[in-house]
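Chains A and B, in that order, are what the protein sequence lines are.
Taking our numbering, the leading residue of the first sequence gets 1, the next gets one more, and so forth.
Taking our numbering, the leading residue of the second sequence gets 1, the next gets one more, and so forth.
The next block holds one structure in the form of structure tokens; read it before the comments.
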Amino acid sequence: MSGHVVIEASGIRLRERAHEFDFRLAEGEIVGLAGLEGHGQAAFLEALAGHRPPSVGSITIADGAARHAITDAHAAYRHGVVYLAQDRKSEGIFPSLSILDNFRILTLGEASRLGVVSSRRAREAFERHRQRLDIVLSGPNAPITSLSGGNQQKVLLARLLEAQPRVMLLNDPTRGVDYPTRLALFAVFEQLAVEADVSIVVLSTEIDEIISHSHRAVVFREGAPRVELGRNELTREAILAGMFGLEAPDGSPESAR
Amino acid sequence: MTALAVRRSFGAGAGMVVTLLVVLLVVNAFLNPARLAPAGILTTLGLAAPLMLAALATTPSILSGGGGIDISIGPMIGFINVVMVTFLFGNGFESPIVVVPLVLALGALLGAVNGFLVAYVRLQPIVATLGTYLVFFGITPWIQPRPGGDAPEWLLRLGDDFALVPLVFVGILWFAIWRTPLYAYLMAMGGSAKAAYTSGVEVARVKLLAYALGGVIAAVAAFALTALIGSADPNIGPPITLKAIAAVALGGVSLAGGRGGFIGAGVGALVIFSLELALTGTGASTFVLQMIFGLVLVAAVLFNALVARRR
């Protein structure tokens with residue numbers, strides 16, 4: 001991946017006494033994040049999304065010719081960064097709202113004419129995503145809580161897609177999702193990366209997902225990347241070695257620092 | 001918006017509140033038939049309008065969730081009443097073309113100050129608006145120590161023949177907002193502030209707008225109040241807060257945010273007003289009234305909690 005750099009983090013530190021590091025995300029690239037729980041990979045994703053700016057260093061996003069600092073969640077969104085939360089129940093869905101309202105909450109501003117929300121347009125847009133993502137539901141006005149976990153996740157994904165993002169930050173998108181849906185979700189991610197040059201950073205607790213779907217992987221340990229693996233270096237052993245802070249069996253992966 | 005939204009805008013205990021209202025109306029019709037007769041109905045509505053509007057003014061901040069509430073609404077209405085009568089009418093500015101935009105802008109500004117303290121300074125809403133409550137409470141008698149002053153003829157007519165005008169104005173305002181993204185953001189935020197933030201909704205700005213909207217409606221309430229009393233009264237504002245919050249809670253608006261709406265709040269205010277009307281008709285003292293409003297507030301919140309738990 002030698003495309004145009006979209007997000008650039010330089011000299012960021014995620015927590016006290018952790019190493020500072022740099023990170024670059026290219027257009028159309030899919031980067032997998034791995035690590036034992038609590039080793040900084042989730043904090044890193046949240047930092048990229050503007051939820052928790054790092055204490056040291058800066059994160060910027062290219063928008064046209066200019067670069068903008070990502071300082072908060074809305075700033076990130078304005079420049080085309082969307083985020084899918086890990087905890088779907090408390091940070092993803094709006095449990096009191098309908099499926100359609102959950103879908104359109106991000107894009108209400110764009111979907112309105114002269115400040116008035118157009119329900120018809122939202123319904124049409126939702127229908128397109130429903131077909132593409134194969135969402136199973138009784139009707140768009142049913143409560144979001146009436147859907148299965150996998151279908152809720154698809155509605156959230158539809159919400160992000162409708163915003164036509166340039167960067168998608170996905171925090172364990174397949175958690176609590178059945179196997180066929182997992183494959184379907186990653187098929188969509190790969191298609192977006194190839195066809196629309198969308199850059200994707202995906203954190204997964206499933207090592208196999210990272211191996212089969214990402215262009216490169218960053219393995220976190222103690223608040224910073226421990227190893228960075230290119231496409232040809234992506235093996236289960238190498239990722240596990242990075243997670244546990246061991247030398248990889250064949251000693252090939254270079255250190256990210 | 002959607003059918004779900006319509007149901008939500010009335011709240012969970014709609015049946016109970018409407019039943020209560022009907023019972024109270026029957027009691028009032030029995031105690032004082034002239035009040036509800038066609039000839040007197042607009043005057044009665046003019047009497048009810050300040051409280052109804054105060055309840056509506058309290059609603060947006062509560063809907064925004066996260067402990068959102070504007071308890072300064074009562075003294076704010078009193079402050080606007082005194083400013084309007086003393087500074088505008090007292091200096092000969094009586095034309096509605098001048099007065100109406102100025103007063104609405106003042107309301108928006110006062111509400112926005114509350115919103116700024118809550119959304120950007122990040123004070124707890126109840127603390128921030130208790131602060132502004134006390135400021136309005138203190139500054140109002142300083143401008144106008146005793147009841148006095150006059151109101152122009154056009155304004156006085158809003159107290160009887162044209163009593164519907166302020167209510168319809170706010171109704172249209174709310175209907176317009178209901179169809180904009182602001183309303184959906186407000187309800188979403190009240191339902192789950194965390195999800196709203198992580199998905200990129202501009203939470204702080206929506207909060208600021210909710211409080212500013214409350215301020216604008218408080219200004220309309222100040223018009224209705226001034227129309228009713230025809231003068232400035234430094235003591236009339238503060239007691240409105242408790243009644244307005246009781247009305248909102250009674251109308252099925254969840255004090256936790258995200259659930260309820262304007263229709264419910266308005267009906268809740270009508271119940272409180274009818275209760276007040278019936279009790280004053282029997283000669284109960286204002287102390288008894290205050291006590292009953294307090295009991296209604298506790299009972300309404302309890303009832304809402306029970307309904308919510310059963311879901």
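Cβ atoms here follow ideal geometry from the backbone N, Cα and C, with glycine treated the same way.
Everything numeric in this text was worked out from a predicted model, so none of it was measured.
What is the DSSP secondary structure of A/F244, counted as helix, strand or coil?
Position 244 of the first sequence, counted from the start, is the residue given in the question as residue 244 of chain A. Three-state DSSP puts A/F244 in a helix.
Start and end of the alpha helix (DSSP H) containing B/N81?
Within the second sequence, residue 81 of chain B is the residue found at index 81, counting from 1. Where B/N81 is concerned, the enclosing alpha helix (DSSP H) stretches over I73 to V83.
Between A/G32 and A/S204, which are expected to be in contact by the criterion C-beta below 8 Å, what is the C-beta distance as a whole number of angstroms?
In the first sequence, residue 32 of chain A corresponds to position 32, counting from 1. In the first sequence, residue 204 of chain A corresponds to position 204, counting from 1. So it is a contact: roughly 6 Å between Cβ atoms.
To which residues of the same chain is A/P143 closer than 7 Å at the C-beta, ignoring the five residues directly before and after it?
By one-based count along the first sequence, residue 143 of chain A stands at place 143. Closer than 7 Å at Cβ, skipping near neighbours: S98.
Restricting to Cα atoms, I'd like to know which of A/A76, A/G3, A/A69 and A/Q86 is closest to A/A42.
As a first step, residue 42 of chain A must be located in the first sequence, where it is residue number 42. A/A42 has its Cα closest to that of A/Q86, out of A/A76, A/G3, A/A69 and A/Q86.
Does the structure place the region 94–109 of chain A close enough to the region 161–174 of chain B that three or more beta carbon pairs sit under 8 Å?
With a cut-off of 8 Å, the region 94–109 of chain A and the region 161–174 of chain B do not count as touching, because too few Cβ pairs lie within range.
Which ranges would you report for the beta strand (DSSP E) in the region 228–284 of chain B if only whole runs of at least 3 residues count?
Runs of the beta strand (DSSP E) inside the region 228–284 of chain B: none found.
Run down chain A in chain order and give the residues with a C-beta less than 7 Å from the C-beta of B/T198.
Sequence index remark: in the second sequence, residue 198 of chain B carries index 198 (1-based). Ordered by position in chain A, the residues that pass the 7 Å Cβ test against B/T198 are H51, A73, Y83, A85 and E91.
Quick one: does B/Y185 have its CB under 9 Å from some CB of chain A?
Mapped onto the second sequence, residue 185 of chain B falls at position 185. Yes, B/Y185 lies at the interface with chain A (some Cβ there is under 9 Å from its Cβ).
Assuming B/G111 contacts B/V216 (C-beta within less than 8 Å), just tell me the rounded distance between them.
The residue given as residue 111 of chain B occupies position 111 in the second sequence. The residue given as residue 216 of chain B occupies position 216 in the second sequence. At roughly 7 Å, the Cβ-Cβ gap stays under 8 Å, so B/G111 and B/V216 are in contact.
Could you tell me the alpha carbon to alpha carbon distance between B/V203 and A/S138, rounded to whole angstroms?
In the second sequence, the residue the question calls residue 203 of chain B occupies position 203. In the first sequence, the residue the question calls residue 138 of chain A occupies position 138. Cα to Cα, B/V203 sits roughly 31 Å from A/S138.
Reducing DSSP to helix, strand and coil, say where B/S199 ends up.
Here residue 199 of chain B refers to the residue found at position 199 when the second sequence is read from its first residue. Three-state result, B/S199: coil.
Which residues in chain B sit within 8 Å of A/A76, going by Cβ to Cβ distance?
Along the first sequence, read from residue 1 onward, the residue named residue 76 of chain A stands at position 76. In chain order: G200.
I need the boundaries of the beta strand (DSSP E) containing A/D208, first residue and last residue.
Your numbering for residue 208 of chain A matches position 208 in the first sequence. Segment I207 to H213 is the alpha helix (DSSP H) holding A/D208; no beta strand (DSSP E) there.
Quick one: what does DSSP say B/S323 is sitting in, helix, strand or coil?
Any answer about residue 323 of chain B is impossible in this case: the structure gives chain B only from 1 up to 311.
Measure the C-alpha to C-alpha separation of A/D63 and A/R78 and round it to an integer number of angstroms.
To locate residue 63 of chain A, count along the first sequence from 1; it is residue 63. To locate residue 78 of chain A, count along the first sequence from 1; it is residue 78. Taking the straight line joining both Cα atoms gives about 10 Å.
Taking only beta-carbon atoms, is A/L137 less than 9 Å away from chain B?
Taking the first residue of the first sequence as position 1, residue 137 of chain A is located at position 137. Closer than 9 Å: no.
Near A/F94, which residues of its chain fall below 8 Å by C-beta distance, leaving aside the five closest residues on each side in sequence?
Start at 1 with the first residue of the first sequence, and residue 94 of chain A comes out as number 94. Here the set comprises D101, N102, I105 and I144.
Is there contact between the region 260–273 of chain B and the region 243–250 of chain B, where contact requires at least three CB pairs shorter than 8 Å?
The region 260–273 of chain B vs the region 243–250 of chain B: in contact.
Short check: CB of B/I315 to CB of B/A222, under 9 Å?
Nothing can be reported for residue 315 of chain B: it is not among the residues displayed for chain B, which extend from 1 to 311.
Grab me the residues of B/P75's own chain with a C-beta within less than 6 Å of its C-beta, minus the 5 sequence neighbours each way, in chain order.
In the second sequence, residue 75 of chain B corresponds to position 75, counting from 1. Excluding positions up to five away in sequence, the list reads Y133, F136, F137, G237 and P238.
Find the nearest neighbour of A/H74 within the set A/N232, A/R231 and A/A163, judged by alpha-carbon distance.
Counted from its first residue, the first sequence places residue 74 of chain A at position 74. Measuring from the Cα of A/H74, the nearest candidate turns out to be A/A163.
At the 9 Å Cβ level, is B/T180 part of the contact set with chain A, yes or no?
Numbered from its first residue, the second sequence carries residue 180 of chain B at position 180. By this cut-off, B/T180 is an interface position.
Decide if the region 174–185 of chain A is in contact with the region 145–154 of chain A; the criterion is three or more beta carbon pairs, one per stretch, under 8 Å apart.
The answer is yes - the region 145–154 of chain A touches the region 174–185 of chain A, with three or more Cβ pairs under 8 Å.
Can you look up B/I292 in the DSSP assignment and give me helix, strand or coil?
Here residue 292 of chain B refers to the residue found at position 292 when the second sequence is read from its first residue. DSSP places B/I292 in helix when its eight states are reduced to three.
Are the Cβ atoms of B/F303 and B/M16 separated by less than 9 Å?
Taking the second sequence and counting its residues from 1, one reaches residue 303 of chain B at position 303. Taking the second sequence and counting its residues from 1, one reaches residue 16 of chain B at position 16. Result yes, Cβ atoms of B/F303 and B/M16 sit closer than 9 Å.
Got a sec? Which residues, its chain only, sit under 6 Å from B/L213 by beta carbon, not counting five neighbours each side?
Looking up residue 213 of chain B in the second sequence gives position 213. Correct list, in chain order: P60.
Taking all protein chains shown into account, do 16 or more other C-beta atoms lie within 10 angstroms of the C-beta of B/M291, making it buried, or fewer, making it exposed?
For this step, residue 291 of chain B is matched to residue 291 along the second sequence. Exposed, by the Cβ-count rule.
Hey, does A/I105 have any beta-carbon neighbour from chain B nearer than 9 Å?
Working through the first sequence from its first residue, we reach residue 105 of chain A at position 105. It does; some Cβ of chain B falls within 9 Å.
Nearest to A/R236 by CA position, among A/V218, A/E222, A/G223 and A/A224, is which residue?
Here the question's residue 236 of chain A lines up with position 236 in the first sequence. Closest option to A/R236, Cα to Cα, is A/V218.
Could you round the C-beta distance between A/H39 and A/R182 to whole angstroms and report it? I think they count as a contact, below 8 Å.
Locating residue 39 of chain A in the first sequence gives position 39, where the first residue counts as 1. Locating residue 182 of chain A in the first sequence gives position 182, where the first residue counts as 1. Their Cβ separation, rounded to whole angstroms, is 23 Å, which puts A/H39 and A/R182 out of contact at 8 Å.
Could you check what DSSP says for B/T387 in three-state terms: helix, strand or coil?
With chain B running from 1 to 311 in the structure shown, residue 387 of chain B is simply not present.
Here's a check: name, in chain order, each residue in its chain whose Cβ is nearer than 6 Å to the Cβ of B/L20, leaving out the five neighbours to either side.
As a first step, residue 20 of chain B must be located in the second sequence, where it is residue number 20. Taken in chain order, the residues that qualify are V271.
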